[in-house]
Amino acid sequence: MASDTNPSPGFKRRSFLGALGSTAAAGAANAQETPAAKSAPKRIRAGLVGAGNRGSYLARASDQLGKDGEDIEIVAVCDIYQPRRERVATRFRAKEYKRSIDLVNDPNVDVVLVATPDRLHATHALEAIRAGKDVYSEKPVTHWQQFDQLKELVRAVREHKAVYQMGTQRLANPVWRQAADSIKRGSIGKPVHVQMGYFRRGDSGERGMPIDDPNAKPGPDLDWEAFQGDAPRHSFSIERFFQWRMFMDYSGGPCTDNNVHFLSLMIKALGLDFPSRVVALGGKYVFNGSREVPDTFDMVAEYPAGLNFVFMGTYANDVPVDTVVRGTEGTLTVKDEPDGMVQPLAGVTRRPQGLGYGIDVNSEHLRDFYRSVRTREKPQGDIELAYRTQVLLIMAMRSFMERKVAAFDAAAESIVMA
89 MASDTNPSPG FKRRSFLGAL GSTAAAGAAN AQETPAAKSA PKRIRAGLVG
139 AGNRGSYLAR ASDQLGKDGE DIEIVAVCDI YQPRRERVAT RFRAKEYKRS
189 IDLVNDPNVD VVLVATPDRL HATHALEAIR AGKDVYSEKP VTHWQQFDQL
239 KELVRAVREH KAVYQMGTQR LANPVWRQAA DSIKRGSIGK PVHVQMGYFR
289 RGDSGERGMP IDDPNAKPGP DLDWEAFQGD APRHSFSIER FFQWRMFMDY
339 SGGPCTDNNV HFLSLMIKAL GLDFPSRVVA LGGKYVFNGS REVPDTFDMV
389 AEYPAGLNFV FMGTYANDVP VDTVVRGTEG TLTVKDEPDG MVQPLAGVTR
439 RPQGLGYGID VNSEHLRDFY RSVRTREKPQ GDIELAYRTQ VLLIMAMRSF
489 MERKVAAFDA AAESIVMA
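Sequential numbering of the sequence shown, starting at 89, is according to our numbering.
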């Protein structure tokens, strides 16, 4: 589930189309092959699994795209917590489901939006794909302990030729397409070192998750067993249910909640495959209490092509670092902002290129998914990018938890700890 709840400044269609040529052209640039040859529905009927904060946003954004002419309708809502399910279903006059398997098997549902806790992402995505649906799933693709489920999901998407979109919405920012083009043109020579980071002050993203009802308890309106999925069993806890991002059984903290956005961008921009080795360090240096996930997390990934990828971050201080790609002939600095800049450096010569795109990346990432459902072209956050990104996350989390170096055996598609 995404941590960004406030969308970027409003999307200005004219300026976006002027910059990129056309939305269709941008889509064509992302299209590498046709996932399936099934006919696209005239109206796309979406079912939502997970009606919390992020799921509610996906429903609203999809509904708005429908009103803007995309012909999309929210027809079904599933959540294991009845008040949330009822609230979203009522707003969109959608059918309510207690069980996700029933929603995905509804013949009136064409696509499934997954916005449940991390531990359940793969379960719901697999259910939907096996039922013949296309899937938009919030990141991360799976929980960091679910490597086998990750590979199972990748196989299912490939076999069913489904459209799968990983919910890393910053992929919709054209700043990154320009950065990728600059690198491919050889503007910095061979990339050898990447520096990125995510910094903020406070743990509101975890401890600040809203508690709808402090008196909530398991029963007909709250399915605690379903919430836990394949996680170790615990007695019901208000914190575990409503503020699940604080706990390792359901989340991975900064690495899988925030870093994933930026890691996926750079993996795509550089065309990176799987890392050869990953090491990660961190801990709870500031925020303690019942919180289990770290507030500070640094990682280094080594790639076979001869490139090191350093990602830094803490929730104790919000002073940022630049995103920098250092090459043998220059340096590329990328600012992931609505008014971001790509700044190629040839030696010491700085050539800033202002982009000035004021787009809502959340909405545009959804639009890209729905376009792919219609055209059967690959979305910008397709399953192959999702797979490479998630392997990096899992390796980093295992390194952190086990205090070892994680190595990837590409031939066996396995992770080895040493």
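Note that beta-carbon positions come from the ideal geometry of N, C-alpha and C, so glycine has one too.
| Query | Result |
| --- | --- |
| Identified DSSP bridge partners for Gln-253 | Tyr-224 |
| Residues bridged to Phe-385 (per DSSP) | Gly-370 |
| Touching by the beta-carbon criterion (3+ pairs, under 8 Å), the segment 202-209 and the segment 175-182 | no |
| Span separating the alpha-carbon of Asn-118 from that of Glu-327 | Because the pLDDT of Asn-118 is 42, which lies under 50, any placement of that residue in the model is unreliable, and the question is left without a value. |
| Beta-ladder partner(s) of Lys-183, from DSSP | Ala-164 |
| Gly-394 beta carbon less than 9 Å from that of Ile-271 | no |
| DSSP bridge partner residues for Ser-502 (one or two, in chain order) | Asp-497 |
| For Ala-267 and Gln-441, the rounded distance between their alpha carbons | Legend: pLDDT at Gln-441 = 41, less than 50; position of this residue unreliable, no value from coordinates given. |
| Run of the beta strand (DSSP E) containing Met-489, from where it starts to where it stops | Met-489 -> not in any beta strand (DSSP E); alpha helix (DSSP H) instead, spanning 471-490. |
| Minimum C-alpha distance to Asp-198 - residue among Arg-181, Arg-462, Asp-406, Arg-295 | Arg-462 |
| Alpha carbon of Asp-194 to alpha carbon of Gly-317, nearest angstrom | 22 Å |
| Beta-bridge partners of Met-284, as assigned by DSSP | Phe-399 |
| Residues that Ala-39 bridges to, as DSSP identifies them | No answer is possible for residue 39: the residues shown for the chain start at 89 and end at 506. |
| At least 3 beta-carbon pairs within less than 8 Å: the segment 159-170 vs the segment 135-142 | yes |
| Contact under 9 Å by Cβ, Gln-253 with Val-223 | yes |
| The segment 350-364 touching the segment 324-341, judged by at least three CB pairs closer than 8 Å | no |
| Close beta carbons around Ser-460, own chain, < 6 Å, minus the five adjacent residues each side | Val-251, Pro-467 |
| Pick from Gly-340, Asn-196, Val-407, Val-504 that is closest to Arg-379, judged by C-alpha positions | Gly-340 |
| Between the CA atoms of Arg-464 and Met-483 - distance to the nearest angstrom | 32 Å |
| Of the residues Ala-500, Arg-486, Phe-496, Ser-451, the one placed nearest Lys-155, counting alpha carbons only | Ser-451 |
| Beta-ladder partner(s) of Leu-136, from DSSP | Val-165, Leu-201 |
| Heavy atom of the ligand MG within 8 Å of Val-202 beta-carbon | Among the components of this structure there are no ligands whatsoever, and the ligand MG is therefore not found. |
| Test: Ala-147 CB closer than 9 Å to a CB of chain D | The structure shown contains no chain D; it is built from a single protein chain. |
| C-alpha distance - Ser-275 paired with Ala-357, whole-angstrom precision | 14 Å |
| Cα-Cα separation, Gly-218 to Gln-234 | Before going further, note that residue 218 is Arg rather than Gly in the sequence given. Cα-Cα distance, rounded: 19 Å. |
| As assigned by DSSP and simplified to three states, the class of Arg-273 | coil |
| Stretch-stretch touch, CB-based, cutoff 8 Å, three pairs: the segment 284-301 with the segment 403-422 | yes |
| Run of the alpha helix (DSSP H) containing Thr-344, from where it starts to where it stops | First-last for Thr-344: undefined, no H or E at that position. |
| Which of helix, strand or coil DSSP assigns to Arg-328 | helix |
| Short Cβ contact (9 Å threshold) for Gly-401 with Pro-342 | yes |
| Which residues DSSP lists as bridging Glu-390, in chain order | Arg-365, Asn-396 |
| For Gly-36, three-class secondary structure by DSSP | Absent from the structure is residue 36, since the part of the chain shown begins at 89 and ends at 506. |
| C-alpha gap between Leu-351 and Arg-258, whole angstroms | 11 Å |
| Cβ pair count under 8 Å reaching 3, the segment 236-252 against the segment 368-388 | no |
| Pairwise C-alpha distance: Ala-368 and Val-479 | 14 Å |
| Cβ neighbour criterion (16 or more within 10 Å) applied to Val-407 | exposed |
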